[in-house]
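Beneath this line is the structure, given in structure tokens, with notes to follow.
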Amino acid sequence: MSTLRFGFIGAGQIAYSSANSIKNHGKATVIAASDPNAERLNELCTKFEIPHAHATSEELFANPEVDAVYIAVPNKFHAPLAKAALEAGKHVILDKPFALSYAEALGVAEAARCSGKVLTLGMNVRFLEGAQKIRSLVEQGVLGEVYHAKAYWQRRTGIPKLGTWFGNKELAGGGCLYDIGVHALDACLYVMGNFKPVSVSGVTYTKFGNRGLGEGGWGMSDRSKDIIFNVDDFASALIRFENGATVSLDVSWAAHMENANRQDIELFGTEAGAVVWSPKLFRHDPLRTEYDVIENPAAPLRYPHKDRFANFINHILDGEELCVTVDQALAIQKILDGIAESCVTGREVML
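Final position of the sequence shown in our numbering is 399; the numbers increase by one with none missing.
This is how it looks when you write it as structure tokens:
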């Protein structure tokens, strides 16, 4: 195989940047797409000259020209569509979150194992230059033992389009935690190199979207008067790991705060600390009297293309190491399930 041929399930806003990534790769192309909204499907196919517009996902899975499927639909359909694509013999790159539950995610993982096809989650924050640099420094031992991290992504007014599936628990499973929180959590565990959680305690709140407040600018989905907002717009958690390390996670779609957007990952190590978004390293140099704050520290990038689709394509065609493994994705889903359970019980949940 010299070219990977993609089929897209979902023609929403995220499909456009994804199609651009594939178009820019050179060894991949989008040849098919499916979406229940015929107008959105036609717009995507026209813009990217996609030859096959399928009325249903089943039609797309049956297309023998499709090698790989990208799934970007409401969260409720992630697991069943990924499983169906794998069983149809397609490689799968799935948008986050993995599923609505750990049990669902396990079913998809088993389908991938049985099919022998590649399954990955499109966790794009891992591929940011800062995340890759700090991950390299952690691997080199520059930070020593990383015993704590803070991961946060908080928006002041950033709820995706109100009156759409994003705010409906049946379709979305969760709100800000499943949307941007999963990115912050995943990238944090990636840079730490630690995917062995043992317990979690967490809380979620719904304080703005249910009052029709806090809407941001994201989303192409159609509004409906019948869709109520009943997901979290704020979430917080503490996760403990097998080696004794901890992670605190804070996420919001809407909150009263000074900055419109606040996001980063802070690592605390025995030999140095670091932040990821605009990468910096903090450490005491015994040869100097001053404390070092090193901006944009030098470190190798394992994925210099900095792109989730490039990694997926390169892995299938050329054997590049897959960045997001199924086991890692399952660990993240287990934490999300634990936060939901802890919120209900008011207690720490053992994983």
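Beta carbons: idealized from backbone N, C-alpha and C, even for Gly.
In this structure Gly164 is exposed. Its beta-carbon is surrounded by fewer than 16 other beta-carbon atoms within 10 angstroms. In this structure, DSSP gives Pro348 a state outside helix and strand, which the three-state scheme calls coil. The Cβ atoms of Thr373 and Gly192 do not sit closer than 8 Å to each other. Distance between Phe277 and Val392, taken at the CA atoms: about 18 Å. According to the DSSP assignment, Arg356 belongs to the alpha helix (DSSP H) that extends over 356-366. A contact is defined here as three or more CB-CB pairs under 8 Å, and the stretch 198-209 meets this definition with respect to the stretch 308-327.
In this structure, the CA atom of His102 is about 13 Å from the CA atom of Phe54.
With respect to Leu315, Ala197 sits close: the two C-beta atoms are nearer than 8 Å. At a Cβ-Cβ threshold of 8 Å, Ser82 and Ser105 count as neighbours. At the C-beta level, Gly267 and Thr205 stay beyond 8 Å of one another. Per DSSP, Phe282 lies in no alpha helix (DSSP H) segment; the continuous beta strand (DSSP E) that holds it begins and ends at 282-289.
Non-local C-beta neighbours of Asp115 in its own chain, meaning closer than 6 Å and more than five positions away in sequence, comprise Leu52, Arg53, ordered along the chain. Distances from the alpha-carbon of Met240 to those of Gln376, Lys382, Glu389, Asn68 put Gln376 closest. The way I'd put it, the stretch 248-259 does touch the stretch 281-293; three or more beta-carbon pairs between them come closer than 8 Å.
Put simply, the stretch 163-180 does not touch the stretch 283-300. Fewer than three CB pairs are less than 8 Å apart. Under the three-state reduction of DSSP, His100 is assigned to strand. Excluding the 5 residues flanking it on each side, Glu263 has same chain C-beta neighbours closer than 6 Å at Ile207, Leu210, in chain order.
In this chain, the alpha helix (DSSP H) harbouring His231 covers 230-240. Within the same chain, Cβ atoms closer than 6 Å to the Cβ of Val156 are found at Ala127, Ala130, Lys131, the five residues on either side in sequence being excluded.
Counting along the chain, the unbroken alpha helix (DSSP H) around Ile70 starts and ends at 61-73. About 6 Å separates the Cβ atoms of Leu399 and Val248, confirming a contact at the 8 Å cut-off.
Per DSSP, reduced to three states, the secondary structure at Gly264 is coil, with no helix or strand assignment. CA-to-CA, the gap between Glu87 and Val230 works out to about 30 Å.
In the three-state reduction of the DSSP assignment, Glu338 falls in the coil class. Taking the CA atoms as reference points, Lys95 sits about 34 Å from Ser326. Listed in chain order, the alpha helix (DSSP H) runs fully inside the stretch 366-399 are 374-393, counting runs of at least 4 residues. Here the C-alpha atom of Thr337 lies approximately 55 Å from the C-alpha atom of Val117. In the structure shown, the three-state DSSP call for Gly257 is helix. Tyr64 and Arg356 have their C-alpha atoms spaced approximately 14 Å apart. Rounded to whole angstroms, the separation of the alpha carbons of Ile182 and Lys217 is 35 Å.
If you draw a 10 Å sphere on the C-beta of Val78, you find 16 or more other C-beta atoms in it, and that means buried. By the Cβ neighbour-count rule, Gly215 is buried, with 16 or more other Cβ atoms within 10 Å of its own. Within the model, the alpha-carbon separation for Arg259 versus Ala302 is close to 11 Å. If the five residues before and after Asp385 are omitted, its C-beta is found closer than 7 Å to the C-beta atoms of Ser149, Tyr150, all from its own chain and listed in chain order. Asn216 carries a coil assignment under DSSP once its states are collapsed to helix, strand and coil. No Cβ-Cβ contact shorter than 8 Å links Ala220 with Pro334.
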